[in-house]
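Q: From first to last, the protein sequence lines stand for chains A, B, C and D. Each residue of the first sequence is one higher than the one before, counting from 4 in our numbering. Each residue of the second sequence is one higher than the one before, counting from 4 in our numbering. Each residue of the third sequence is one higher than the one before, counting from 15 in our numbering. Each residue of the fourth sequence is one higher than the one before, counting from 15 in our numbering. For each residue, glycine too, the CB sits at the ideal point set by N, CA and C. Below you'll find the structure I mean.
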Amino acid sequence: MNSITPQYEDYADALEMIDDEDMRFEYIIDVGKKVKDEDFPEALRIDPNLMHGCMSRVWLCDEVRDGKHYFSGFSDAIIVKGLVAMMAGSFSGLTTDQLQELTTGHVRRLNLGALTTQRQVGMMAMLETFKKFGLAGGGTIAQLRSDSV
Amino acid sequence: MNSITPQYEDYADALEMIDDEDMRFEYIIDVGKKVKDEDFPEALRIDPNLMHGCMSRVWLCDEVRDGKHYFSGFSDAIIVKGLVAMMAGSFSGLTTDQLQELTTGHVRRLNLGALTTQRQVGMMAMLETFKKFGLAGGGTIAQLRSDSV
Amino acid sequence: MNKIVPIDIQSGSNSMDAYDIERVREDFPILKQQIYGKSLVFLDSGASAQKPQVVIDAVHECYETYYSNVHRGAHFLSQKCTDVYEQVRGQIATFMNAQSENNVIFTSSVTESINLVAQTWGRKFLKKGDQIIVSEVEHHANIVPWQLLQDQIGFDIKVAKIDDQGEFLLDTFKALLSPKTKLVAITDCSNVLGTMLPVKEITRLAHEVGAKVLVDGTQGIVHNGVDVQDLDCDFYGFTGHKIYGPTGIGILYGKMDVLKSMPPYQGGGDMIDKVSFSGTTFQEPPYRFEAGTPPIAQVIGLGAAIKYVSDLGMENISAHEQGLLAYANELLSAIEGVQIIGQAKDKAAIISFLIEGTHPFDVAAVLDRQGVATRVGHHCAEPLMDRLGIVGTVRASFGLYNNKDDVDRLVAAIGRAKELLI
Amino acid sequence: MNKIVPIDIQSGSNSMDAYDIERVREDFPILKQQIYGKSLVFLDSGASAQKPQVVIDAVHECYETYYSNVHRGAHFLSQKCTDVYEQVRGQIATFMNAQSENNVIFTSSVTESINLVAQTWGRKFLKKGDQIIVSEVEHHANIVPWQLLQDQIGFDIKVAKIDDQGEFLLDTFKALLSPKTKLVAITDCSNVLGTMLPVKEITRLAHEVGAKVLVDGTQGIVHNGVDVQDLDCDFYGFTGHKIYGPTGIGILYGKMDVLKSMPPYQGGGDMIDKVSFSGTTFQEPPYRFEAGTPPIAQVIGLGAAIKYVSDLGMENISAHEQGLLAYANELLSAIEGVQIIGQAKDKAAIISFLIEGTHPFDVAAVLDRQGVATRVGHHCAEPLMDRLGIVGTVRASFGLYNNKDDVDRLVAAIGRAKELLI
Ligand SMILES: Cc1ncc(COP(=O)(O)O)c(C=O)c1O
Ligand SMILES: Cc1ncc(COP(=O)(O)O)c(C=O)c1O
Numbered sequence: 004m005n006s007i008t009p010q011y012e013d014y015a016d017a018l019e020m021i022d023d024e025d026m027r028f029e030y031i032i033d034v035g036k037k038v039k040d041e042d043f044p045e046a047l048r049i050d051p052n053l054m055h056g057c058m059s060r061v062w063l064c065d066e067v068r069d070g071k072h073y074f075s076g077f078s079d080a081i082i083v084k085g086l087v088a089m090m091a092g093s094f095s096g097l098t099t100d101q102l103q104e105l106t107t108g109h110v111r112r113l114n115l116g117a118l119t120t121q122r123q124v125g126m127m128a129m130l131e132t133f134k135k136f137g138l139a140g141g142g143t144i145a146q147l148r149s150d151s152v
Numbered sequence: 004m005n006s007i008t009p010q011y012e013d014y015a016d017a018l019e020m021i022d023d024e025d026m027r028f029e030y031i032i033d034v035g036k037k038v039k040d041e042d043f044p045e046a047l048r049i050d051p052n053l054m055h056g057c058m059s060r061v062w063l064c065d066e067v068r069d070g071k072h073y074f075s076g077f078s079d080a081i082i083v084k085g086l087v088a089m090m091a092g093s094f095s096g097l098t099t100d101q102l103q104e105l106t107t108g109h110v111r112r113l114n115l116g117a118l119t120t121q122r123q124v125g126m127m128a129m130l131e132t133f134k135k136f137g138l139a140g141g142g143t144i145a146q147l148r149s150d151s152v
Numbered sequence: 015m016n017k018i019v020p021i022d023i024q025s026g027s028n029s030m031d032a033y034d035i036e037r038v039r040e041d042f043p044i045l046k047q048q049i050y051g052k053s054l055v056f057l058d059s060g061a062s063a064q065k066p067q068v069v070i071d072a073v074h075e076c077y078e079t080y081y082s083n084v085h086r087g088a089h090f091l092s093q094k095c096t097d098v099y100e101q102v103r104g105q106i107a108t109f110m111n112a113q114s115e116n117n118v119i120f121t122s123s124v125t126e127s128i129n130l131v132a133q134t135w136g137r138k139f140l141k142k143g144d145q146i147i148v149s150e151v152e153h154h155a156n157i158v159p160w161q162l163l164q165d166q167i168g169f170d171i172k173v174a175k176i177d178d179q180g181e182f183l184l185d186t187f188k189a190l191l192s193p194k195t196k197l198v199a200i201t202d203c204s205n206v207l208g209t210m211l212p213v214k215e216i217t218r219l220a221h222e223v224g225a226k227v228l229v230d231g232t233q234g235i236v237h238n239g240v241d242v243q244d245l246d247c248d249f250y251g252f253t254g255h256k257i258y259g260p261t262g263i264g265i266l267y268g269k270m271d272v273l274k275s276m277p278p279y280q281g282g283g284d285m286i287d288k289v290s291f292s293g294t295t296f297q298e299p300p301y302r303f304e305a306g307t308p309p310i311a312q313v314i315g316l317g318a319a320i321k322y323v324s325d326l327g328m329e330n331i332s333a334h335e336q337g338l339l340a341y342a343n344e345l346l347s348a349i350e351g352v353q354i355i356g357q358a359k360d361k362a363a364i365i366s367f368l369i370e371g372t373h374p375f376d377v378a379a380v381l382d383r384q385g386v387a388t389r390v391g392h393h394c395a396e397p398l399m400d401r402l403g404i405v406g407t408v409r410a411s412f413g414l415y416n417n418k419d420d421v422d423r424l425v426a427a428i429g430r431a432k433e434l435l436i
Numbered sequence: 015m016n017k018i019v020p021i022d023i024q025s026g027s028n029s030m031d032a033y034d035i036e037r038v039r040e041d042f043p044i045l046k047q048q049i050y051g052k053s054l055v056f057l058d059s060g061a062s063a064q065k066p067q068v069v070i071d072a073v074h075e076c077y078e079t080y081y082s083n084v085h086r087g088a089h090f091l092s093q094k095c096t097d098v099y100e101q102v103r104g105q106i107a108t109f110m111n112a113q114s115e116n117n118v119i120f121t122s123s124v125t126e127s128i129n130l131v132a133q134t135w136g137r138k139f140l141k142k143g144d145q146i147i148v149s150e151v152e153h154h155a156n157i158v159p160w161q162l163l164q165d166q167i168g169f170d171i172k173v174a175k176i177d178d179q180g181e182f183l184l185d186t187f188k189a190l191l192s193p194k195t196k197l198v199a200i201t202d203c204s205n206v207l208g209t210m211l212p213v214k215e216i217t218r219l220a221h222e223v224g225a226k227v228l229v230d231g232t233q234g235i236v237h238n239g240v241d242v243q244d245l246d247c248d249f250y251g252f253t254g255h256k257i258y259g260p261t262g263i264g265i266l267y268g269k270m271d272v273l274k275s276m277p278p279y280q281g282g283g284d285m286i287d288k289v290s291f292s293g294t295t296f297q298e299p300p301y302r303f304e305a306g307t308p309p310i311a312q313v314i315g316l317g318a319a320i321k322y323v324s325d326l327g328m329e330n331i332s333a334h335e336q337g338l339l340a341y342a343n344e345l346l347s348a349i350e351g352v353q354i355i356g357q358a359k360d361k362a363a364i365i366s367f368l369i370e371g372t373h374p375f376d377v378a379a380v381l382d383r384q385g386v387a388t389r390v391g392h393h394c395a396e397p398l399m400d401r402l403g404i405v406g407t408v409r410a411s412f413g414l415y416n417n418k419d420d421v422d423r424l425v426a427a428i429g430r431a432k433e434l435l436i
């Protein structure tokens, strides 16, 4: 149940090996820095992809191929960009059913204690969004929002 | 400056001799009990004589004879009746000028520590009323109030 | 939660044995105070309760170790303080059995809670020609906000009656209800008489005619707890300082659909979504109703108070207090000249009384000098005084820390008052 | 009181020598906290200040030794608590140089103070067609209450401008004034930029056209004190928790004739003269505006805070902070890529900044991990952010307990942020 995707394992292992909170924090920054502008082109940074209620702006996309969900995301703040990259990478390539099995425990195993609670809450919200994408079979953030009304 | 009226001296001496707060408190009750209904007839217990802002009702009258002010008062609560009697007795027979010379110190010398601050404030308010009666050359509480507007 | 364990009046009280009152008293530092050289008998909890050490310490600890403004903070202390603060919302939701923590709004007092409902729900939904119902036993806090709103709008205020014992008259209440009734604003427990009102039945009846119900739970929740879902009221308010918490904090519970229908109350930081001079949008409940920096340390202190009473158990507290009430009632009834004001069947531990031939202010003053703290006056319920034809009462109100000794001291002090005053 | 002792920037600061900052720091227990294993550098006092031990102890002592509800109490504790509580009103009047303690109203926060004025004075005296003026630097607390009232009444809100340095433009303000102007609601110090506004001159000009003036003194009084009679404003509000006092307490000062002309705000206990269902009358100011049980312990805590800053001396505090501001300004200006937002000539000890090529949230997060607490975001001043064309700033705001070491730590942390983020 822990083994989700190879990417997830990589991140979890890497963070587990670091035993200093400051360095874990810096690891996330590094992940964020590695996300290039072209990985999530300007054309995608539009309101329909914008998540609501974050301190910095966060865009998320879901691409469905062969019934599997591939997430990608971006933010104007590096730390958030790093988190989005880790979350999107970790939970991409899963089917709707697999997504529904994810729990907050899976996020917690990523070992993000270096983050403020508010950020951790943000990660949980992101996980919920992934699951909703799963149930909706893709679409945009804006569509998810209007569905839930 | 301390010697105001014989009545005042009597009260001050009596209270000074009692060195127990509880007994001073009881002394005031005794003074209150000695005030008879007929000392301040029902006909005087009317709105124009009513002081404002007291927890129990207090009526005050000023009779001017030969340029001297003679106060009398009443209350529906015994303790307040005692206080009013002491205040009215202590400061009756004074001229307008003499009244204006009275200070809170004169009230404090009566040694009323057994009373709550609120009651002490009430006594100071009564003193102020006496002084106002002095300046107005008599009248009723209601008239004093409307003058000050 | 509301169930009161029956007690045996004859033998004093069984429940008091189970409830270790002497240990409980140890938790309240102020009870060690001397008043005029006598140990303090505090029978004024109905006005405001004393605080257990855990509440005092919670406030203390907040300021000394992790204090910061809450929400939107990117730094450690701000996060920590926000976490502790917000967790209280859930705790209070659990205590009241609210649907979720989002039904719980922090205010500065129950007075503000009721004014908030008047000026948001009331101002939006009440119109000229509508009627609202309050009762004869209401505290000014549940009368004046409606009168102020009435001045702005012009609806009618109907008054539900009590009988001479202080018992709520359900039938005459029923007769007041009509399709014009838009709101019933009523207390679950009279702060003067102790009468417990049948608010569940009142709510059911009010809902039948389509009226909303606001319950002023200020006294009720302290003595008996509450289950807002069982009660089914639309709003329930209470105040922190009477339930052993700090001053400066109140609670308003509301049903979510009702809260969502309401415009904001005060404007300021935190309650907004986006502010601009061309147009401002607001947050969802509960935040929409919480403008500006909230009473942070007071919320945290209230959390400690709610934990304290929950740990003791509301049923145990009720049972203990009912034992005291029965004991006090028995002893006071036996004193010649003492008239107990309010003799409803179902009462919280509040006894108002008068002594024949004395003024209540004199009585309270003598009691005070015996170290017995009671309240005297109209208790912010002047219409009730008018109804009863009295100027005021002396009120002994019991808290979870009172014991039989306190009752005995009260009885002795009443004896002294009779000696001195009659 | 507003006079700032000039300091010598070159040598650091003369005044800092006179003011024994290390002894002052001892008074604040929280400063001994470690954040992620580093000693705390608290640069978020603009959001809420830390509390000296005397404030914490005053609250503590109240609850432990003499707590009771205030006013109308006939018993010892109630009297004692009322005395201590009411004495604070006079103390605050003296601190602000108000005409008398009756000009001082206790509220729960400055947000409530401003909403109170809007919903009483504003609702009574503003009409459709009238204009009010606020400024571009206002905190949401001095914008949204007016917008909410505007929705009810329909007057116009004009906005006084600043220049790109954050300097208030007095001439353009003058141009906005007209006989239609009924109120100017303006802060004396921007919580984001630190800009001190010429509120005395603004008041004089506003009065010339017959407008009333409300000054949001939340930041100004903390850094420079106030003399409300010299200022001549009609209202002045501030909040307890930013001036080293407890949360849950705010102040509204008003001129007596203006206060007397205002209807009550909230309804409830204490603010009434006489309540009956046939008609209710109200108390005189300040009590008319204080409904329900007030924030008793918070008032008492605020009293201790006001005594604390008074004992230190507002001039000394100002001088100390100005020394720090100059020092920080010098060091930060020298860091490549750091852009200080707000360069007015007359500033309080608040520095907003951005680092080129970074997002402010990232900067604040890195600072936090170095133990340096700052605030990041729009600081409840979104219209100002829009005006400046930025999403937010990192804000370092200084209090009377900060020292040069704190500035050095900030500078080092900014260095680390640049290393990590760029
Ligand atoms: C200038 C200014 N006005 C008003 C406020 C609001 O203060 P409070 O949240 O305590 O009501 C603040 C603080 O956030 C402020 O800085
Ligand atoms: C029944 C009832 N409602 C409302 C209140 C008002 O509470 P507060 O003054 O804390 O707002 C009280 C207490 O005085 C009360 O007993």
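If contacts are defined as beta-carbon pairs under 8 Å, then Pro308/D and Phe296/D qualify, I think. What distance do you get, rounded to the angstrom?
A: Not really, about 16 Å apart at Cβ, beyond 8 Å.
Q: For the beta strand (DSSP E) that contains Lys361/D, what are its first and last residues?
A: That residue, Lys361/D, is in no beta strand (DSSP E); it is neither H nor E in DSSP.
Q: Shortest alpha-carbon distance to Glu298/C belongs to which of Ile310/C, Val289/C, Ser275/C?
A: Here the closest residue by C-alpha is Ser275/C.
Q: Evaluate the contact criterion for the stretch 363-379 of chain C versus the stretch 396-409 of chain C: three or more CB pairs, one atom per stretch, below 8 Å.
A: The stretch 363-379 of chain C, when compared against the stretch 396-409 of chain C, does touch it at the 8 Å Cβ threshold.
Q: Spell out whether any CB of chain C is found under 8 Å from the CB atom of Asn117/D.
A: No, Asn117/D lies away from the interface with chain C (no Cβ there is under 8 Å from its Cβ).
Q: Could you check whether the stretch 90-105 of chain D touches the stretch 232-244 of chain D, counting it as contact only if at least three pairs of C-beta atoms, one from each stretch, sit closer than 8 Å?
A: With the cut-off at 8 Å, the stretch 90-105 of chain D and the stretch 232-244 of chain D do not touch.
Q: Which runs of the alpha helix (DSSP H) at least 4 residues long sit entirely within the stretch 229-259 of chain C? Give them in chain order.
A: Those alpha helix (DSSP H) runs which fall completely within the stretch 229-259 of chain C and span 4+ residues are 234-238, 242-245.
Q: Please list, in chain order, all residues of the same chain as Thr103/C whose beta carbon is under 6 Å from its beta carbon, the five residues on each side excluded.
A: Inspection of the sequence shows that residue 103/C is occupied by Arg rather than by Thr. So the list reads Glu115, Val118, once near-sequence residues are dropped.
Q: For Gly371/D, return the contacting residues in chain A, with the cut-off set at a CB-CB distance below 9 Å.
A: Those do not exist, as Gly371/D stays about 10 Å from chain A at its closest Cβ, beyond 9 Å.
Q: Mind checking whether Tyr77/C and Lys65/D have CB atoms under 8 Å apart?
A: Result yes, Cβ atoms of Tyr77/C and Lys65/D sit closer than 8 Å.
Q: Does the beta carbon of Phe43/B come closer than 8 Å to any beta carbon on chain C?
A: No, Phe43/B does not count as interfacial toward chain C.
Q: Does any residue of chain B bring its CB to less than 8 Å from the CB of Ala427/C?
A: Cβ-Cβ to chain B under 8 Å: no for Ala427/C.
Q: Using 7 Å as the cut-off, classify the Cβ of Gly356/D as near or not near the heavy atoms of ligand 1, replying yes or no.
A: No; taking the cut-off as 7 Å, the Cβ of Gly356/D has no heavy atom of ligand 1 nearer than that.
Q: Can you tell me the Cα-Cα spacing of Phe136/C and Ile354/C, whole angstroms?
A: Per the sequence shown, residue 136/C should be read as Gly rather than Phe. Taking the straight line from one Cα to the other gives about 37 Å.
Q: Could you give the first and the last residue of the continuous beta strand (DSSP E) run that contains Ser149/C?
A: Start and end: 145-149.
Q: Looking at His153/D and ligand 1, is the gap between the Cβ and the nearest heavy atom below 7 Å?
A: Within the cutoff, so yes.
Q: Which first and last residues belong to the alpha helix (DSSP H) in which Ile200/D is found?
A: Where Ile200/D is concerned, there is no enclosing alpha helix (DSSP H), although the beta strand (DSSP E) it sits in stretches over 195-201.
Q: Using the C-alpha atoms, what's the distance from Glu29/A back to Glu19/A?
A: So the two alpha carbons sit approximately 14 Å from each other.
Q: For Gln145/D, I'd like the list of residues in its chain whose CB is within less than 6 Å of its CB, leaving aside the five on either flank, ordered along the chain.
A: The residues are Asp170, Lys172, Lys194, Thr195.
Q: According to a CB-to-CB cut-off of less than 7 Å, which residues of the stretch 27-43 of chain A neighbour chain D?
A: Cβ contacts with chain D come from Phe28, Glu29, Ile32.
Q: Leaving aside the five residues before and after Thr134/D along the sequence, list all residues of the same chain whose C-beta is less than 6 Å from its C-beta, in chain order.
A: Met276, Pro277, Tyr279, listed in sequence order.
Q: Could you give the first and the last residue of the continuous alpha helix (DSSP H) run that contains Ala311/C?
A: Its alpha helix (DSSP H) spans residues 310-326.
Q: CA-CA distance, Pro44/B and Phe375/C?
A: If you take the alpha carbons of Pro44/B and Phe375/C, they lie about 22 Å apart.
Q: For Ala88/B and Gly391/C, I'd like the C-alpha separation in whole angstroms.
A: Their Cα atoms are separated by approximately 23 Å.
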